[in-house]
DNA sequence: CGCAGGTTTGAGAGGAGTCAAGGGTTGTGG
DNA sequence: CCACAACCCTTGACTCCTCTCAAACCTGCG
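What follows is the structure, encoded as structure tokens:
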């Protein structure tokens, strides 16, 4: 694959990298990642104490993933594809027939990636780490076991998938009806909420240590046009992105520009 | 709301139409609609005989919906929002702040619309009937009851939601990386499959009794541009749309043009 | 230091939107 | 029956957004 980038060079080095992850497991059971995930689930509706306990006691392994490393189809043999993101930023991607990569979803810490692959897998759902990330990988077996022991979990996971679908739907609306400036503004409003910054705070700052072409891919524009769009929002005084950090001085104005309605992000709001 | 149309007239008549459905219930229990839905579910994975029976015995009411009629938030009081489409074509829509309508998903006969609202509802998920449609509306109570009696159903519904999410994801890819001609071609390839036309048949014909501006909205272009795009595909000999009927003489070529890979439509393939 | 890659900026081209006009169809009322 | 309106569809001209191609700049690194 290659990014839709200025120089359009196919990076053979990366294409030839080994298909399985080769990173050291770094111990630890359960821990922060699952706790964050459970908090998200809790915001979506009723979660019984038994379900909470079952989730928090799920076994798994922490793994560090290098930035720009892909998680292929069978990422962690015998570990399954359910990854709770603890730190960093990951994305689901799709490489089209020409080999150009498009990011179809972003994942922030506390998100569970690939959860619905246990329900149904529509072809290869591939993940890539946009930044150095730490994940908690849950094996398939114990997850199925937990579903058997706590049948209510299926509903909970279904609910979670539905909430992620709402984000997808908003992306469709964005791509279908907003121009590049609005799409960028909308994504920034969304990421601010998903990073846990309360809506009440009008100014926001959060890390986004991406390359330009990665963010460009997330809003479906070329890096060149992203550059111009960033410039436009910068002169508006609405968005600054330096040293891998986003600064939004005025989220209200930004939200108005982007037609942003946070209703679909209930699971991230406190 | 108003469609993004040539004359840009807000149709007050429709906007003022009563918010609740006023169509005659037309009797019948279970029947065709649910059977089609169950067939879809069956293709997604294991469905036990008990679950199948529980689904098929779900109570509900058939309703006819006029073309262009909206199904508002609380469509059928005390009936819930789970509608199995038996005949016709429906769509989920989103009216943006300017009142312009965008279709975010199409529903063909056998689809269950709004199923995931029972899991989690991200704001108003509104439906509209693109053509005269017949639905089977299932009340919320019996559905929850069935979920209690057959806990495995939650997994099944979760799986179904995931499969619908795959269609959404493909839409994101379409909007992000294909131009109008490819998007139209892609949607036609998809609809042919979802109408149950076997992939092996290279030529396809299926009904699509829509107005131009409705289809335009589904692929996110203006009706004027759709008109041009239809002309282009017509001169290519790939797509003809007359009298509410789509004719695709060469699905292979169309699929190649659109970069269409039917893998994500497993639940519609036989 | 040179090089490769990321980033920005500019000029030109093309896809898609907007505005506008014209023809076709349907429905309604005189 | 006809006139008229309303709506739908198509086509053309113009404009704007975004892509492509290209060049220049910057940065980190071998």
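Residue numbers (my numbering), protein chains in the order written: chain A, 94 to 363; chain B, 94 to 363.
Just so you know, even glycine gets a beta-carbon here, dropped at the ideal spot from N, CA and C.
Treat the numbers as computed from the prediction; the structure is a model and nothing was measured.
Subject >> DSSP three-state assignment for residue 161 (chain B), whether helix, strand or coil >> reply: coil
**OP:** Consider the Cβ of residue 258 (chain B): report whether some Cβ of chain A lies at a distance smaller than 8 Å.
**Re:** Yes, residue 258 (chain B) counts as interfacial toward chain A.
Original post:
Does the count of Cβ pairs from the region 329-349 of chain A and the region 290-300 of chain A closer than 8 Å reach three?
Top reply: The region 329-349 of chain A, when compared against the region 290-300 of chain A, does touch it at the 8 Å Cβ threshold.
Original post:
So which residues of chain B does residue 269 (chain A) contact, with C-beta pairs closer than 7 Å?
Top reply: The contacting residues are 195, 268, 313.
Subject >> Within 8 Å, strictly: CB atoms of residue 268 (chain A) and residue 269 (chain B) >> reply: yes
Original post:
Distance, Cα to Cα, residue 260 (chain B) vs residue 345 (chain A)?
Top reply: 33 Å
Original post:
Got a sec: is the Cβ-Cβ distance from residue 96 (chain A) to anything in chain B below 8 Å?
Top reply: no
Original post:
Counting pairs of Cβ atoms below 8 Å between the region 130-146 of chain A and the region 243-257 of chain A, do you hit three or more?
Top reply: yes
Original post:
How many angstroms separate the CA atom of residue 227 (chain B) from the CA atom of residue 354 (chain B)?
Top reply: 30 Å
Original post:
How about residue 231 (chain B): is its C-beta nearer than 8 Å to some C-beta of chain A?
Top reply: No, because no Cβ of chain A sits closer than 8 Å to the Cβ of residue 231 (chain B).
Original post:
Going along chain B in order, which residues have a C-beta closer than 7 Å to the C-beta of residue 334 (chain A)?
Top reply: By Cβ distance, chain B contributes nothing, its closest Cβ being about 21 Å from residue 334 (chain A), past 7 Å.
Original post:
DSSP three-state call for residue 211 (chain A): helix, strand or coil?
Top reply: DSSP, reduced to helix, strand and coil, places residue 211 (chain A) within a helical segment of the structure shown.
**OP:** Using only alpha-carbon positions, find the residue among B:205, B:230, B:200, B:207 that is nearest to residue 222 (chain B).
**Re:** B:200
**OP:** Ignore the nearest five residues each way along the sequence and tell me which others in residue 153 (chain B)'s own chain have a CB closer than 7 Å to its CB.
**Re:** 229, 230, 231, 232
Original post:
chain A partners of residue 352 (chain B), CB-CB under 7 Å?
Top reply: Residues of chain A passing the Cβ test: 189, 190.
Subject >> Within chain B, partners of residue 264 (chain A) - CB distance below 7 Å >> reply: Correct list: 265.
**OP:** Tell me whether the beta-carbon of residue 147 (chain A) lies closer than 8 Å to the beta-carbon of residue 237 (chain A).
**Re:** no
Original post:
For the candidate residues A:264, A:310, A:332, whose alpha-carbon lies nearest to that of residue 295 (chain A)?
Top reply: When each option's Cα is compared against that of residue 295 (chain A), the closest is A:332.
Original post:
Enumerated in chain order, which unbroken segments of the beta strand (DSSP E) with a length of 3 residues or greater are wholly contained in the region 250-286 of chain A?
Top reply: none
Original post:
Which partner residues does residue 149 (chain A) have in the DSSP bridge list?
Top reply: DSSP lists no partner for residue 149 (chain A).
Original post:
Do we get a CB-CB distance below 8 Å when we pair residue 307 (chain A) with the residues of chain B?
Top reply: No, residue 307 (chain A) does not count as interfacial toward chain B.
**OP:** Ignoring anything shorter than 4 residues or poking outside the region 301-347 of chain A, list the alpha helix (DSSP H) runs there in chain order.
**Re:** 305-311, 316-328
Original post:
CA-CA distance, residue 304 (chain B) and residue 194 (chain B)?
Top reply: Cα to Cα, the separation comes out at about 14 Å.
**OP:** List the endpoints of the continuous beta strand (DSSP E) containing residue 201 (chain A).
**Re:** No beta strand (DSSP E) contains residue 201 (chain A), which DSSP labels as neither H nor E.
Original post:
What is the rounded straight-line gap between the Cα of residue 320 (chain B) and the Cα of residue 192 (chain B)?
Top reply: 23 Å
Subject >> DSSP beta-bridge partners of residue 178 (chain A) >> reply: Answer by DSSP bridge pairing, in chain order: A:228.
Subject >> Proximity winner among B:188, B:289, B:328, relative to residue 204 (chain B) (alpha-carbon distances) >> reply: B:289
**OP:** Taking residue 282 (chain A) as the reference, give the member of A:357, A:317, A:212, A:196 with the closest Cα.
**Re:** A:357
**OP:** Assign residue 306 (chain B) to one of two classes, buried (16 or more other C-beta atoms within 10 Å of its C-beta) or exposed (fewer than that).
**Re:** buried
Subject >> Nearest candidate by alpha-carbon position, reference residue 313 (chain B), set A:129, A:265, A:175, A:242 >> reply: For the residues A:129, A:265, A:175, A:242, the minimum Cα distance to residue 313 (chain B) belongs to A:265.
Original post:
Which chain A residues sit within Cβ distance under 7 Å of residue 135 (chain B)?
Top reply: Residues of chain A passing the Cβ test: none, with the nearest at roughly 13 Å.
**OP:** May I have the straight-line CA-CA distance separating residue 122 (chain A) from residue 156 (chain A), to the nearest angstrom?
**Re:** For residue 122 (chain A), the predicted structure reports a pLDDT of 47, less than 50, and the residue's modelled location is therefore unreliable. A value from the coordinates is still provided. Near 12 Å, if we compare the C-alpha coordinates of residue 156 (chain A) and residue 122 (chain A).
Subject >> chain A within 8 Å of residue 234 (chain B), Cβ atoms only >> reply: no
Original post:
Going by the CB atoms, is the gap between residue 145 (chain B) and residue 202 (chain B) shorter than 8 Å?
Top reply: no
**OP:** Output, in chain order, the set of chain B residues within a Cβ distance shorter than 7 Å of residue 250 (chain A).
**Re:** 251
Original post:
For the beta strand (DSSP E) that residue 183 (chain A) lies in, which residues bound it at each end?
Top reply: Taken as a continuous stretch (DSSP letters only), the beta strand (DSSP E) holding residue 183 (chain A) covers 183-188.
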